[in-house]
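**Student:** If you read the sequence shown in the working numbering, its first letter stands for residue 77, the second for the next number, and so on.
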Amino acid sequence: MKFKTWEKVFWGIIIGLIIISLLSLLMHKGDVQVTVNNRVTYVSKGKVALYCVLFYGVIGLIFWAIIKLFTGGFKE
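Structure representation (structure tokens):
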């Protein structure tokens with residue numbers, strides 16, 4: 077499967093966002109404080125990293141599929 081230029085740029089941005097979020101997580105000391113419904117809880121950095129990768133990956137796949145659909149890229 078050959079990627080077009082816009083696909084390379086798109087996935088480069090998504091991977092860059094994942095790397096930036098993981099690097100900023102590495103700089104953070106201790107667990108991550110999360111506030112939900114005025115309740116403060118602490119989440120481990122491993123879970124936050126997993127959620128970041130899943131979030132950016134799923135959002136990237138959805139937008140990639142929508143763009144491919146509208147540009148007629150699945151007809152190859």
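Even for Gly, the Cβ is constructed at its ideal location relative to N, Cα and C.
Excluding the 5 residues flanking V116 on each side, which residues of the same chain have their C-beta closer than 8 Å to its C-beta?
**Tutor:** Q109, V110, listed in sequence order.
**Student:** Is it right to say Y127 is buried, meaning 16 or more other beta carbons lie within 10 angstroms of its own, or is it exposed?
**Tutor:** Y127 should be labelled exposed.
**Student:** Taking 9 Å as the CB-CB limit, is E83 close to chain C?
**Tutor:** Of the protein chains in the structure, only one exists, and it is not chain C.
**Student:** Closest to L99 by C-alpha separation, out of G136, N113, K121, would be which residue?
**Tutor:** Ranking G136, N113, K121 by Cα distance to L99 puts K121 first.
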